[in-house]
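Trainee: Handing you a structure now.
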Amino acid sequence: MTQQNLTPRQITEQLNRYIVGQNNAKRAVAIALRNRYRRSLLNEDLKNEIIPKNILMIGPTGVGKTEIARRIAKLTNAPFIKVEATKFTEVGYVGRDVESMVRDLVEASRRLVKDEMMENVKDLAEQNANEAIAKLLVPSKLKAKMAQNPLEMLFGQKTEKPVEDTSVEEVEIRSKRSQVLEDLKAGKLEEEWVTVEVTEQNTPFFELMPGMGMDMGSSGMQDMLSNLMPKKVKKRKMMVKDARRVLIIEEANKLIDSDELAGESIRRAEQSGIIFIDEIDKIASRGSSSADVSREGVQRDILPIVEGSTVTTKYGPVKTDFMLFIAAGAFHMSKPSDLIPELQGRFPIRVELDKLTKEDFIRILKEPDQSLILQYKALLETEGVTISFTDEAIDRIAEIATEVNQETDNIGARRLHTIMERLLEELSFEASEIAPAHIEITPSYVDKKLEKISKNKDLSQFIL
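Number 126 in UniProt numbering belongs to position 126 of the sequence shown; there are no gaps in the numbering.
Structure representation (structure tokens):
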């Protein structure tokens with residue numbers, strides 16, 4: 001799906017398939033997304049005046065803040081990254097600088113664009129890969145003379161200069177390769193073994209030296225040094241079916257225009273990118289201590305990124321003016337007004353997400369596509385064990401999850417993962433031994449397996 005064919009109502013309907021409740025948050029992101037499409041239809045002068053309305057989500061952990069943003073990105077095939085505000089430090093201190101979030105977004109955008117480009121050239125790449133495999137299975141009888149250029153020897157490169165041979169032998173080889181090519185397309189040679197030369201990526205020098213106070217690994221210096229180093233070619237013996245996968249990737253990379261890839265990656269990051277800043281409440285200032293001063297420094301570093309600035313990346317300069325920023329936080333110990341006023345103003349849309357109730361847990365277990373219950377059913381069915389849950393059992397699971405969240409830390413829907421894992425632990429362990437079998441999960445079964453959780457008030461051992 002793309003932004004063009006998704007109305008706000010359709011976006012919220014799609015989100016309802018995976019996320020229970022939180023309608024206000026869904027509506028906010030749906031409108032923000034649709035406004036992007038509306039902006040793209042305007043003339044250039046007006047388009048440049050309209051900036052995205054960034055969103056601040058307020059709500060406890062496990063209620064769907066991150067999932068809403070992630071699902072939106074998947075729906076629209078938009079570049080998306082999630083960062084934690086607490087991981088950043090002020091400029092000049094050891095740690096990640098805030099500009100790294102933009103570089104990470106460009107990398108995410110590049111992966112998306114590259115996947116699309118590789119899909120477009122997949123057929124031609126597969127054809128070239130099959131031809132390369134045919135040459136490996138039917139090697140040429142021509143002798144090769146190695147080049148003696150000292151620079152080529154230094155950088156580990158070699159140039160083969162074929163010596164002319166009789167045309168009769170060449171015709172024979174071409175005929176054999178043509179037959180092998182037909183067999184490859186028919187899948188008759190999948191189990192044959194071939195030796196393939198695979199180009200290995202050089203290990204970036206700066207990746208071996210982390211924590212230098214700046215994102216050296218993300219700079220153009222890394223690429224420049226990598227390009228100066230000789231490419232390592234390693235011979236690997238593998239079956240034809242595996243060799244084809246390796247060679248298709250190599251051939252597809254040759255067919256992709258690197259300049260077009262870099263340009264489209266930057267364009268999509270600038271115009272469609274979504275940056276989700278989690279735990280923004282943790283950098284809110286609450287006093288005048290040195291820690292609060294440091295938090296405020298991070299806020300001031302984030303501010304120009306959200307306002308709109310140009311960040312240098314190894315693919316070129318990237319403008320952040322039209323990126324959509326979604327910030328989220330629980331705000332238990334602080335409140336949104338504790339953020340610096342300038343940053344508050346850059347998140348004009350605020351939505352509060354509700355705490356999850358027992359009824360929400362019941363819906364989470366039953367309604368979403370690929371719900372938790374469906375996941376466990378599918379896993380056990382691979383062993384020949386089928387399970388079914390009565391409505392009363394689901395009600396009891398939701399009740400216990402609610403109780404544990406109230407008695408201990410409230411981790412929202414993530415509590416269901418803990419409960420379900422404990423509930424089906426023994427069954428998961430013994431599934432391969434009792435198959436084939438059908439197990440019905442009833443309230444009594446739930447109480448028996450979760451007895452310690454439901455009866456003990458000391459629930460600390462069950463906290464994630």
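Every residue gets a Cβ at the ideal spot worked out from N, C-alpha and C, and that includes glycine.
Are there 16 or more other CB atoms within 10 angstroms of the CB of MET101, so buried, or fewer, so exposed?
Mentor: MET101 is buried by the Cβ-count criterion.
Trainee: Under 8 Å, with one C-beta from each stretch per pair, do the segment 328 to 342 and the segment 35 to 42 reach the 3-pair mark?
Mentor: In short, these stretches do not touch, since the Cβ pair count stays below three.
Trainee: Return yes when the Cβ of VAL63 is within less than 7 Å of the Cβ of LEU343, no when it is not.
Mentor: Cβ distance not < 7 Å, so LEU343 and VAL63 don't count as in contact.
Trainee: Does the Cβ of VAL233 have 16 or more other Cβ atoms within 10 Å, making it buried, or fewer, making it exposed?
Mentor: Burial call: exposed.
Trainee: Could you pull out every residue in the same chain whose Cβ sits closer than 8 Å to the Cβ of THR66, ignoring the five residues on either side in sequence?
Mentor: Counting only Cβ-Cβ distances below 8 Å, and skipping sequence neighbours, we find LYS82, PHE276, ASP278, ALA328.
Trainee: Report the start-end ranges of each alpha helix (DSSP H) in the segment 20 to 68 that is 4 residues or longer and not cut off at the edges.
Mentor: Runs found: 23 to 40, 44 to 47.
Trainee: LYS53 to ASN128, Cα distance in whole Å?
Mentor: Distance between the alpha carbons of LYS53 and ASN128: 47 Å.
Trainee: Could you name the residues of the same chain whose beta carbon sits closer than 7 Å to that of GLN271, not counting the 5 residues immediately before and after it, in chain order?
Mentor: So the qualifying residues of the chain are PHE322.
Trainee: Rank GLN10, ARG111, ASP104 by C-alpha distance to the C-alpha of ASN253 and give the top, closest one.
Mentor: That would be ARG111, whose Cα lies nearest to the Cα of ASN253.
Trainee: Does PHE322 come out as helix, strand or coil in the three-state DSSP assignment?
Mentor: Reduced to three states, the DSSP call for PHE322 is coil.
Trainee: So, for PRO210: in the same chain, excluding its five sequence neighbours on each side, which residues have a beta-carbon less than 7 Å away from its beta-carbon?
Mentor: Unreliable placement is indicated for PRO210, whose pLDDT of 43 sits below 50; no coordinate value is reported for it.
Trainee: What do you get for PHE88, buried or exposed, if any count of 16 or more other CB atoms within 10 angstroms of its CB means buried?
Mentor: Buried, by the Cβ-count rule.
Trainee: Within this structure, are the beta carbons of SER432 and GLU383 separated by less than 7 Å?
Mentor: Result yes, Cβ atoms of SER432 and GLU383 sit closer than 7 Å.
Trainee: By how many angstroms is the C-alpha of THR442 removed from the C-alpha of THR390?
Mentor: Cα-Cα distance, rounded: 6 Å.
Trainee: Once the 5 residues before and after SER140 are set aside, which same chain residues still bring their CB inside 7 Å of it?
Mentor: Same-chain partners within the cutoff: ILE173.
Trainee: Compute the Euclidean distance between the alpha carbons of VAL246 and VAL171, then round it to the nearest angstrom.
Mentor: The straight-line gap from Cα to Cα measures roughly 29 Å.
Trainee: Counting along the chain, where does the beta strand (DSSP E) carrying VAL121 start and finish?
Mentor: First-last for VAL121: undefined, no H or E at that position.
Trainee: Could you check if PHE429 is buried or exposed, using at least 16 other CB atoms within 10 Å of its CB as the buried criterion?
Mentor: By the neighbour-count rule (16 or more Cβ atoms within 10 Å), PHE429 is not buried but exposed.
Trainee: By Cβ distance below 6 Å, which residues in the same chain neighbour residue 486 in space, the five residues on each side in sequence not counted?
Mentor: No statement about residue 486 is possible, as the shown extent of the chain runs from 1 to 464 and does not include it.
Trainee: Here's a check: name, in chain order, each residue in its chain whose Cβ is nearer than 8 Å to the Cβ of ILE11, leaving out the five neighbours to either side.
Mentor: Excluding sequence neighbours, ILE11 sits near LYS26, VAL29, ALA30, LEU33, ARG34, ILE72, LEU75.
Trainee: Taking DSSP as the reference, what is the three-state secondary structure of THR86?
Mentor: Of the three classes helix, strand and coil, the one that applies to THR86 here is helix, per DSSP.
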